[in-house]
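Visitor:
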Amino acid sequence: MADYKEIINRYKDLPGGIIEAYHALQREYSFIPEDSIAYAAQVFDLPLAKAYGVATFYSYLKVGERGKNVIRICESAPCHVAGAKEVVNALEKELGIKMGESTADGKFTLEFCECVGQCQATPVITVNSKPYGDITPEKIPGILAAYK
Amino acid sequence: MAEEMRIVLRNMGKIDPLKIEDYINAGGYKSLEKARQMGQEALMEEVKKSGLRGRGGAGFNCGMKWSFSYKVQSEQKYVVCNADEGEPGTYKDRTIMENDPQSVLEGMAICGYAIGANKGYIYCRGEYPYVVDILNQAIAQAKEKGVLGDFDIEVRMGAGAYVCGEESALIESIEGNRGEPRFKPPFPPVIGLWQKPTIVNNVETFANIPIILEKGADWYKSIGAEKYPGTKVVTLTGDVNNRTVFEVPTNTSIRQVIYDFGGGIRGGKKFKAVQIGGTSGGFIPESMLDTPIDFDSMTVIGAVLGSGAVFVMDETRDIVNVVARIAGFFEHESCGKCSPCREGTKRIHEMMEKLDAGQGSGGDLSLLERLGTVMTKACLCGLGQAAPSPVLTTLKNFNSEYQAKLN
Ligand SMILES: Cc1cc2nc3c(=O)[nH]c(=O)nc-3n(C[C@H](O)[C@H](O)[C@H](O)COP(=O)(O)O)c2cc1C
Ligand code: FES
Chain S
1 MADYKEIINR
11 YKDLPGGIIE
21 AYHALQREYS
31 FIPEDSIAYA
41 AQVFDLPLAK
51 AYGVATFYSY
61 LKVGERGKNV
71 IRICESAPCH
81 VAGAKEVVNA
91 LEKELGIKMG
101 ESTADGKFTL
111 EFCECVGQCQ
121 ATPVITVNSK
131 PYGDITPEKI
141 PGILAAYK
Chain F
1001 MAEEMRIVLR
1011 NMGKIDPLKI
1021 EDYINAGGYK
1031 SLEKARQMGQ
1041 EALMEEVKKS
1051 GLRGRGGAGF
1061 NCGMKWSFSY
1071 KVQSEQKYVV
1081 CNADEGEPGT
1091 YKDRTIMEND
1101 PQSVLEGMAI
1111 CGYAIGANKG
1121 YIYCRGEYPY
1131 VVDILNQAIA
1141 QAKEKGVLGD
1151 FDIEVRMGAG
1161 AYVCGEESAL
1171 IESIEGNRGE
1181 PRFKPPFPPV
1191 IGLWQKPTIV
1201 NNVETFANIP
1211 IILEKGADWY
1221 KSIGAEKYPG
1231 TKVVTLTGDV
1241 NNRTVFEVPT
1251 NTSIRQVIYD
1261 FGGGIRGGKK
1271 FKAVQIGGTS
1281 GGFIPESMLD
1291 TPIDFDSMTV
1301 IGAVLGSGAV
1311 FVMDETRDIV
1321 NVVARIAGFF
1331 EHESCGKCSP
1341 CREGTKRIHE
1351 MMEKLDAGQG
1361 SGGDLSLLER
1371 LGTVMTKACL
1381 CGLGQAAPSP
1391 VLTTLKNFNS
1401 EYQAKLN
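Just so you know, the protein sequences line up as chains S and F, in that order.
Mapping to the numbering used here: the first sequence position 116 is 116, numbers consecutive.
Mapping to the numbering used here: the second sequence position 191 is 1191, numbers consecutive.
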């Protein structure tokens, strides 16, 4: 894995580039390592509070550990009426964890999210941002198998 | 039977979006050339005359907005394409960018020439990394061909904040800050990104520009509704047979959208309600379905065209439950900068959950109405101002649903 300092340094000359740097960290680790925020503050010449403030404002960014594969379930109204609840139940059962938790082996995290813009195929989940549509509980094991 | 009319999506399925040659062979980048020959003022006059109004929700005359930035003297100006598309039920900007990215780039470059800007940003939501890849490839090809001249375009990613679709919050986010809306005035066309004059337009607005210049303002103005001419790309979701994307003239009625394009209600059920414009839109009953979808006709019935999302609910849907979920969305997405929104979205959500659980009283309904009305007036930005709309329109148009769940 690349060192977080090296990743952040790539963006240091980009005006307003701290969010792009956070995205890059997340692509590498699937989350933003807590220690990297102080370094980002230094590189972008910001108070530490501000670097934290930015990282924690955005729901797509996650400070601190989470699983290697992040599964997000859309709960916006179109997915809600299409049966997001059943999808949640099936995922919790399949992975043996609750929403917001990660599996003990560090492979999966379950999170809620709002609309991901794939509403032609509700209900929708994403795995590491890749969308899967028209989800039924039966489809879940097949989708997860690819990430195990 | 109403028919689809593809202007923005004219190249969809006809060209390879990742081959700029295809776009050029289909007449692409001729409009940019034409724009440069027309000169800045004549160009803006033509866009103004076409009657094109913003497709991001606010419906402001596009050419007029450009002229505000044009008039400001500044060594640096910016063009920003709003591809944040956070409004639930909306996937039209994604469809446009996935199928014809060059038309958006060309529209931005034309705007850049008009106002005197040599730098553009596309702010694309973080949930669309695959669209970011397409845009970056399209930009690289345009640079290699030299079609953009000295106009540079860069993609920046949003990170899952609905409020960043609001133009001043979006600007804050590009600057690397928390996405909190600014106090207005000044408006972005005068003081925007890094304090410079900045035009923010929606993806669909930019994609309309090249064809308007190709075929002329008079041609465009003759399509659809008189005061909101052209077409609208709409996305259907919910209980319709065809959950898909269509482009229709703006004088198409809601009923035509649901029945002719959407193929009617799924499973032979009856219609109950439709919410248009995304999750901040009003809920519309059967009696209003013959309203045309254009901006002004929707305003008359207390609804909005918004992003063009069309969310249909059949007779079995529990309106109070759906609105409670929507209230949860707004509590989550409120940025917290102004207190009417920060506190109001939380209290609305609380009361809606109570009502949904069958524990609400008539007093809650009047409180909701009062709080909602205050928020529409007192909130700093459009998020808080529109957040009560699903509540207020359902209290009005679907009151019996609330009555049935009272304790
Ligand atoms: C909470 C909120 C969210 C918004 N989200 C979007 C969005 O996702 N896309 C968009 O184009 N406009 C959005 N807007 C509208 C923008 O502020 C702005 O009016 C628009 O981008 C201007 O472009 P247009 O004139 O081409 O419509 C939003 C506004 C608010 C208040
Ligand atoms: S509502 Fe779930 S993807 Fe859009």
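Note that beta-carbon positions come from the ideal geometry of N, C-alpha and C, so glycine has one too.
No experiment lies behind these values; they were computed from the predicted model shown.
Please list, in chain order, the chain F residues whose beta carbon lies closer than 7 Å to that of F108 of chain S.
Guide: What F108 of chain S touches in chain F: nothing, since even the nearest Cβ is about 19 Å away.
Visitor: If you scan the segment 1212-1275 of chain F from start to end, which runs of the alpha helix (DSSP H) of 4 or more residues do you find wholly inside it?
Guide: Whole alpha helix (DSSP H) segments, 4+ residues: 1217-1221.
Visitor: In whole angstroms, what is the alpha-carbon distance linking M1044 of chain F and V1072 of chain F?
Guide: If you take the alpha carbons of M1044 of chain F and V1072 of chain F, they lie about 15 Å apart.
Visitor: List the residues of chain S that A1161 of chain F touches, going by C-beta distances under 7 Å, in chain order.
Guide: F57, Y58 and S59
Visitor: Quick one: is S1366 of chain F buried, meaning 16 or more other Cβ sit within 10 Å of its Cβ, or exposed?
Guide: exposed
Visitor: Closer than 9 Å, Cβ to Cβ, to anything on chain S: give me those residues from the segment 1070-1088 of chain F, in chain order.
Guide: Cβ contacts with chain S come from E1085, G1086, E1087 and P1088.
Visitor: Grab the span of the alpha helix (DSSP H) containing V70 of chain S for me, first residue to last.
Guide: Element bounds for V70 of chain S: not the alpha helix (DSSP H) but the beta strand (DSSP E), N69 to C74.
Visitor: Hey, is F1060 of chain F close to ligand 1, as in C-beta under 7 Å from one of its heavy atoms?
Guide: yes
Visitor: Would you call the segment 1114-1128 of chain F in contact with the segment 1067-1081 of chain F, where contact means no fewer than 3 C-beta pairs closer than 8 Å?
Guide: yes
Visitor: Are the beta-carbon atoms belonging to R1094 of chain F and Y1123 of chain F less than 8 Å from one another?
Guide: Cβ atoms of R1094 of chain F and Y1123 of chain F: not closer than 8 Å.
Visitor: Any heavy atom of ligand 2 closer than 7 Å to the beta-carbon of T122 of chain S?
Guide: yes
Visitor: Can you find a C-beta in chain S that's less than 8 Å from the C-beta of I1174 of chain F?
Guide: Interface residue (Cβ-Cβ distance to chain S less than 8 Å): I1174 of chain F is classified as such.
Visitor: Tell me whether T1198 of chain F sits in a helix, a strand or coil according to DSSP, three-state version.
Guide: strand
Visitor: Quick one: grab the DSSP three-state call for Y1091 of chain F.
Guide: coil
Visitor: Skipping 5 residues on each side, what residues in its chain have a beta carbon closer than 8 Å to that of M1005 of chain F?
Guide: I1223, T1231, E1247, V1248 and P1249
Visitor: What is the DSSP secondary structure of A1309 of chain F, reduced to helix, strand or coil?
Guide: strand
Visitor: Looking at G1158 of chain F: is its Cβ nearer than 8 Å to the Cβ of R1125 of chain F?
Guide: Less than 8 Å divides the Cβ of G1158 of chain F from the Cβ of R1125 of chain F.
Visitor: Which residues in chain F have a C-beta closer than 9 Å to the C-beta of P33 of chain S? List them in chain order.
Guide: Going along chain F, no residue has its Cβ under 9 Å from P33 of chain S, so there is no contact; the nearest lies around 17 Å.
Visitor: Spell out whether any CB of chain F is found under 8 Å from the CB atom of G53 of chain S.
Guide: yes
Visitor: How many Å lie between L1380 of chain F and A1386 of chain F at the Cα?
Guide: 11 Å
Visitor: Taking Cβ-Cβ distances below 8 Å as the criterion, which residues of the segment 1144-1156 of chain F are in contact with chain S?
Guide: R1156
Visitor: Near ligand 2, which residues have their beta-carbon closer than 5 Å to a heavy atom?
Guide: S:C74, S:S76, S:P78, S:C79, S:C115, S:V116, S:Q118, S:C119, S:V124 and F:P1088
Visitor: Taking only heavy atoms of ligand 1 into account, decide whether any of them is closer than 7 Å to the Cβ of T1198 of chain F.
Guide: no
Visitor: Taking its Cβ as the centre, do 16 or more other Cβ atoms sit within 10 Å of R27 of chain S, making it buried, or is it exposed?
Guide: exposed
Visitor: Examine chain S for any beta-carbon lying closer than 8 Å to the beta-carbon of V1245 of chain F, and answer yes or no.
Guide: Chain S, which has a Cβ nearer than 8 Å to the Cβ of V1245 of chain F, makes this yes.
Visitor: In this structure, what does DSSP give as the bridge partners for T1345 of chain F?
Guide: Looking at the DSSP assignment, T1345 of chain F forms no beta bridge with any residue, so it has no partner.
Visitor: Check whether the Cβ atoms of N1241 of chain F and G1263 of chain F lie closer than 8 Å to each other.
Guide: yes
Visitor: Under the criterion of a Cβ to heavy atom distance below 7 Å, does E1166 of chain F qualify as lining ligand 1?
Guide: yes
Visitor: Answer yes or no: does any C-beta atom of chain F fall closer than 8 Å to that of V63 of chain S?
Guide: Taking CB atoms only, V63 of chain S has no neighbour in chain F less than 8 Å away.
Visitor: Does any CB atom of chain F fall closer than 8 Å to the CB of Q42 of chain S?
Guide: no
Visitor: Can you have a look at A146 of chain S and say buried or exposed, based on whether 16 or more other CB atoms are within 10 angstroms of its CB?
Guide: exposed
Visitor: For N1321 of chain F, verify whether its CB is less than 7 Å away from any heavy atom of ligand 1.
Guide: no
Visitor: Is the Cβ of T136 of chain S closer than 8 Å to any Cβ of chain F?
Guide: no
Visitor: Using 8 Å for Cβ pairs, my map puts V1203 of chain F next to A1083 of chain F. What's the rounded Cβ distance?
Guide: 5 Å
Visitor: For a contact meaning CB atoms closer than 9 Å, what does I8 of chain S contact in chain F?
Guide: Neighbours of I8 of chain S on chain F: none; closest Cβ ~13 Å, over 9 Å.
Visitor: Is L1383 of chain F near ligand 1, judged by its Cβ being under 7 Å from some heavy atom?
Guide: yes
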